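Data block below; observations after.
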Amino acid sequence: MRILVAEDDRPVASFLKKGLEAEHYAVDVVPDGEEALYMAEAYDYDLLLLDLVLPKMDGLQVLHQIRTRKKNLPVLVLTGRTRVEDRVKGLDLGADDYMVKPFAFRELIARVRALLRRGNAPVDFTLRVEDLEMNLVERTVRRGDRKIELTPKEFALLEYLMRNQGRAVSRPMIIEHVWNFSFDTMTNVVDVYINYLRKKIDEGAEQKLIHTVRGVGYRIGSPQ
Numbered sequence: 000m001r002i003l004v005a006e007d008d009r010p011v012a013s014f015l016k017k018g019l020e021a022e023h024y025a026v027d028v029v030p031d032g033e034e035a036l037y038m039a040e041a042y043d044y045d046l047l048l049l050d051l052v053l054p055k056m057d058g059l060q061v062l063h064q065i066r067t068r069k070k071n072l073p074v075l076v077l078t079g080r081t082r083v084e085d086r087v088k089g090l091d092l093g094a095d096d097y098m099v100k101p102f103a104f105r106e107l108i109a110r111v112r113a114l115l116r117r118g119n120a121p122v123d124f125t126l127r128v129e130d131l132e133m134n135l136v137e138r139t140v141r142r143g144d145r146k147i148e149l150t151p152k153e154f155a156l157l158e159y160l161m162r163n164q165g166r167a168v169s170r171p172m173i174i175e176h177v178w179n180f181s182f183d184t185m186t187n188v189v190d191v192y193i194n195y196l197r198k199k200i201d202e203g204a205e206q207k208l209i210h211t212v213r214g215v216g217y218r219i220g221s222p223q
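Quick note, the sequence shown lines up with residues 0 to 223 if you use numbering that gives the first Met the number 0.
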């Protein structure tokens, strides 16, 4: 599998190249939008990792041009832009997935694999667990008819739980993927934020969705 990385930040580009090559992908890196468009058209890639803020040609322009010329190339956008408008525009222009920096590399690899497996199948940007629904583009959460307001970190934690629904995830796993640092046995930040989510999602509900798995961590889903 061959991946093209369009990233002008050299440390980030080097990190992505080394990490992807360690996963046995062939990787080419380009530092600007014009070269990204040229390489994507000239060679057969299985996936494009595209930063939106690029010199010479903006990432959104690159995406628009690629979608008019190479419709079947999967594109995963990596960007520091966090506004809903940017996500919506990128997805409307044909991005297959969208990740906001900083991100956990293991999650990136999981999304890369999913895109490579999925090929050209339609993408659903909504996560669902029972009557809980998360829209990843609009960054909204609803349980039944009730809209739930979350902070960015609460949203990131809930997204990680929902992507692993039915599976127990440990505190170290949550720390790595949501906070992007190594687990400190002295910190209770995960438990504090789980409590925040429980108050917003489960309080007053007949069916509780967030469960403690003793000796492991937490799980979201129906009771077992």
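Idealized CB from N, CA, C, for every residue including glycine. As the structure is a computational prediction, the values presented were derived from the model and not from experiment.
Please classify Tyr42 as buried or exposed, where buried requires at least 16 other C-beta atoms within 10 Å of its C-beta. Numbered from its first residue, the sequence shown carries residue 42 at position 43. Only exposed fits Tyr42, as fewer than 16 other CB atoms lie within 10 angstroms of its CB.
Would the beta-carbon of Ala113 fall within 9 Å of that of Leu62? The residue you call residue 113 lines up with position 114 of the sequence shown. The residue you call residue 62 lines up with position 63 of the sequence shown. Taking 9 Å as the Cβ cut-off, Ala113 and Leu62 do not qualify as a contacting pair.
Whether Asn4 touches Leu51 by CB criterion (9 Å): In the sequence shown, counting from the first residue as 1, residue 4 sits at position 5. In the sequence shown, counting from the first residue as 1, residue 51 sits at position 52. One point to set straight first is that residue 4 is Val, not Asn, in the sequence displayed. The answer is no: Cβ separation not under 9 Å.
What number of angstroms, rounded off, separates the C-alpha of Asp7 from the C-alpha of Asp144? Sequence index remark: in the sequence shown, residue 7 carries index 8 (1-based). Sequence index remark: in the sequence shown, residue 144 carries index 145 (1-based). Taking the straight line joining both Cα atoms gives about 43 Å.
Closer than 8 Å is the cut-off here; do at least three beta carbon pairs connect the segment 59 to 73 with the segment 101 to 110? With fewer than three CB-CB distances shorter than 8 Å, the segment 59 to 73 does not count as touching the segment 101 to 110.
What does a CB cutoff of less than 6 Å around Leu135 pick up in its chain, not counting 5 residues either side in sequence? As a working note, residue 135 is residue 136 in the sequence shown. Non-local beta-carbon contacts of Leu135 in its own chain, meaning distances under 6 Å to residues more than five positions away in sequence, involve Phe124 in chain order.
Which whole-angstrom value is the C-beta distance of Arg170 and Gly216, which I expect to be below 8 Å? As a working note, residue 170 is residue 171 in the sequence shown. As a working note, residue 216 is residue 217 in the sequence shown. 5 Å between Cβ atoms; contact.
Name the DSSP beta bridge partners of Glu132, please? One-based indexing of the sequence shown puts residue 132 at position 133. Per DSSP, Arg127, Arg141.
With 16 as the cutoff for other CB atoms within 10 Å, does Thr78 come out buried or exposed? Sequence index remark: in the sequence shown, residue 78 carries index 79 (1-based). By the beta-carbon neighbour count (other beta carbons within 10 angstroms, threshold 16), Thr78 is buried.
Which residues in the same chain as Ala35 place their Cβ atom closer than 6 Å to its Cβ, once the five residues preceding and following it in sequence are excluded? As a first step, residue 35 must be located in the sequence shown, where it is residue number 36. The answer, listed in chain order, is Ala5, Val29, Val61.
With distance defined between alpha-carbon atoms, name the residue in Leu59, Arg80, Val83 nearest to Val74. In the sequence shown, counting from the first residue as 1, residue 74 sits at position 75. Considering only alpha carbons, the answer is Leu59.
So, at 7 Å on beta carbons, what are the nonlocal neighbours of Tyr97 in its own chain, with the 5 sequence-adjacent residues on each side left out? The count along the sequence shown starts at 1 and reaches residue 97 at position 98. Answer for Tyr97: Val76, Arg86, Gly89, Leu90, listed in chain order.
For Ala25, report the span of its beta strand (DSSP E) as first-last. For the purposes of this step, residue 25 is identified with residue 26 of the sequence shown, where counting begins at 1. Residues 25 to 29.
Rounding to the nearest angstrom, what Cα-Cα distance links Leu208 and Lys198 in this structure? Working through the sequence shown from its first residue, we reach residue 208 at position 209. Working through the sequence shown from its first residue, we reach residue 198 at position 199. If you draw a straight line from the Cα of Leu208 to the Cα of Lys198, it is about 11 Å long.
Using the three-state DSSP reduction, which class does Ala5 fall into: helix, strand or coil? In the sequence shown, counting from the first residue as 1, residue 5 sits at position 6. Looking at Ala5 - three-state DSSP - the assignment turns out to be strand.
Please classify Val83 as buried or exposed, where buried requires at least 16 other C-beta atoms within 10 Å of its C-beta. Here residue 83 is taken as the residue at index 84 of the sequence shown, counted from 1. It counts as exposed.
Applying the 10 Å Cβ sphere with the 16-neighbour rule, what's the burial state of Gly214? Residue mapping note: residue 214 aligns to position 215 of the sequence shown, counting from 1. Its Cβ having fewer than 16 others within 10 Å, Gly214 is exposed.
Val140 and Leu156 look like a contact to me (Cβ under 8 Å); what is the Cβ gap, rounded to whole Å? Mapped onto the sequence shown, residue 140 falls at position 141. Mapped onto the sequence shown, residue 156 falls at position 157. Incorrect: roughly 11 Å between the Cβ atoms, too far for contact.
How should Arg110 be labelled, buried or exposed, when 16 other C-beta atoms within 10 angstroms of its C-beta is the threshold for buried? Here the question's residue 110 lines up with position 111 in the sequence shown. With 16 or more Cβ atoms within 10 Å of its Cβ, Arg110 is classed as buried.
Rounded to the nearest angstrom, what separates Tyr24 and Met56 at their Cα positions? Counting from one through the sequence shown, the residue named residue 24 turns up at place 25. Counting from one through the sequence shown, the residue named residue 56 turns up at place 57. The straight-line gap from Cα to Cα measures roughly 26 Å.
Between the alpha carbons of Glu132 and Tyr192, how many angstroms are there, rounded? Counting from one through the sequence shown, the residue named residue 132 turns up at place 133. Counting from one through the sequence shown, the residue named residue 192 turns up at place 193. Computed Cα separation, rounded: 19 Å.
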